[in-house]
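One structure below.
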Amino acid sequence: MRVVVTGGSRGIGLAIVEHCLAVGHRVAVIHRTVDRAALRALGVPAWEADVTDEPRIADIWRNVTESWGEPPDALVNNAGITADVPILAMELAAWDRIWAVNVTGPLICARIAAAAWIDAGRPGTIVNMASMSGLIVNRPQAQTAYNVSKAGLIMLTKSLAVEWAEHRIRVNAVAPGYVATDMTQTFVDQNPAIGEDWLRRTPIHRMGTPQEIAMVVSWLLDENVGFLTGSVVSVDGGYTAI
Ligand code: NDP
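Shown next, in the form of structure tokens:
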């Protein structure tokens, strides 16, 4: 299988890249900055782009297809951002940016992929990285913009799954709980007590690992689960079960 992963330079995205390579997939990464040491070490091609830049993402999709000689079969929309800002203090520009990266970016990447698959008469599969924050309001941090964006991504997942089902394109989402990455470390750096608070609220009493999320993404990509579409798989240590 040939897989494009956005935000694959670190954290959950990098674990997805590593897992895909381990099971024999070809992988290409789209991410924001030029820091790609981990990807270079793995020999994975990486393109620098913002997922909200539609012409650039379309160029990259064409370049990846040309360099592999065949189109990618799968897209993992993993890139995402957050902000711990109470809503009354949040600039609308910051709200717009979170929506753009977490919802519009995945939409842009998904429709470029789907248009190529439909034109070629090929099937395809998309996994969107949502969050338990799209299902419940996790505290104590104030992250309304993030929560709303991930809820939007979940409904985007379901809507695209229905719209594209007739084209043999599956669209699913993963909703992780707290996972140990730079994203969560930023919260802990600002407020060291927050990590203990998160663990107290998580029935399994630990954070997830990026590898545990990557396993589920890999399972969703597998054509043996071809009846799975429009689903949201929670991987959160029981957080949303309470
Ligand atoms: P990190 O902050 O560790 O990594 C984010 C990745 O996304 C990086 O590769 C970054 O690229 C890339 N990225 C960010 N913005 C853009 C953009 N505009 N265009 C292209 N690439 C971009 O995040 P995590 O690994 O923690 O999170 C990955 C996904 O999982 C996110 O969608 C997040 O919301 C979601 N998630 C994370 C949870 C957690 O606890 N960590 C829990 C639930 C969901 P670069 O390295 O170049 O900056």
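In the working numbering, each number is its position in the sequence shown, counted from 1, plus 180. Note that beta-carbon positions come from the ideal geometry of N, C-alpha and C, so glycine has one too. Remember, predicted model here, so these are calculated numbers, not experimental data.
Strictly by DSSP, which residues pair up with residue i?
{"i": "Val-183", "result": "Val-207 and Ala-254"}
{"i": "Ser-414", "result": "Ala-355"}
{"i": "Ile-349", "result": "Gly-304"}
{"i": "Trp-227", "result": "Ile-210"}
Using a 10 Å radius around the Cβ and a threshold of 16 neighbouring Cβ atoms, would you call residue i buried or exposed?
{"i": "Arg-350", "result": "buried"}
{"i": "Asp-253", "result": "buried"}
{"i": "Trp-248", "result": "exposed"}
{"i": "Ile-384", "result": "exposed"}
{"i": "Gln-370", "result": "exposed"}
{"i": "Pro-286", "result": "buried"}
{"i": "Gly-388", "result": "buried"}
{"i": "Leu-400", "result": "buried"}
{"i": "Ala-195", "result": "buried"}
Quick one: grab the DSSP three-state call for residue i.
{"i": "Ser-313", "result": "helix"}
{"i": "Gly-304", "result": "strand"}
{"i": "Gly-388", "result": "strand"}
{"i": "Arg-242", "result": "helix"}
{"i": "Ala-360", "result": "coil"}
{"i": "Leu-201", "result": "helix"}
{"i": "Arg-220", "result": "helix"}
{"i": "Pro-266", "result": "coil"}
{"i": "Pro-286", "result": "helix"}
{"i": "Ala-376", "result": "First, the residue type needs correcting, since residue 376 is Glu and not Ala in the sequence shown. In the structure shown, Glu-376 sits in a helix (DSSP, three-state: H, G or I)."}
{"i": "Arg-423", "result": "Residue numbering for the chain in the displayed model covers 181 to 422; residue 423 lies beyond these limits and cannot be assessed."}
{"i": "Asp-402", "result": "coil"}
{"i": "Glu-234", "result": "helix"}
{"i": "Asp-215", "result": "coil"}
{"i": "Ala-259", "result": "coil"}
{"i": "Arg-319", "result": "coil"}
{"i": "Ile-196", "result": "helix"}
{"i": "Asn-327", "result": "helix"}
{"i": "Ile-422", "result": "coil"}
{"i": "Gly-249", "result": "coil"}
{"i": "Leu-408", "result": "coil"}
{"i": "Glu-343", "result": "helix"}
What distance in whole Å lies between the Cβ atoms of residue j and residue i, which are believed to be in contact at a cut-off of 8 Å?
{"i": "Cys-289", "j": "Val-231", "result": "6 Å"}
{"i": "Lys-330", "j": "Ser-313", "result": "5 Å"}
{"i": "Val-256", "j": "Val-397", "result": "6 Å"}
{"i": "His-199", "j": "Ala-394", "result": "4 Å"}
{"i": "Gly-191", "j": "Leu-219", "result": "No, Gly-191 and Leu-219 are not in contact; Cβ-Cβ is about 13 Å, not under 8 Å."}
{"i": "Ala-263", "j": "Ile-278", "result": "6 Å"}
{"i": "Ile-374", "j": "Gln-323", "result": "Contact flag wrong, Cβ pair sits at about 12 Å."}
{"i": "Pro-390", "j": "Thr-361", "result": "6 Å"}
{"i": "Ala-355", "j": "Ala-310", "result": "5 Å"}
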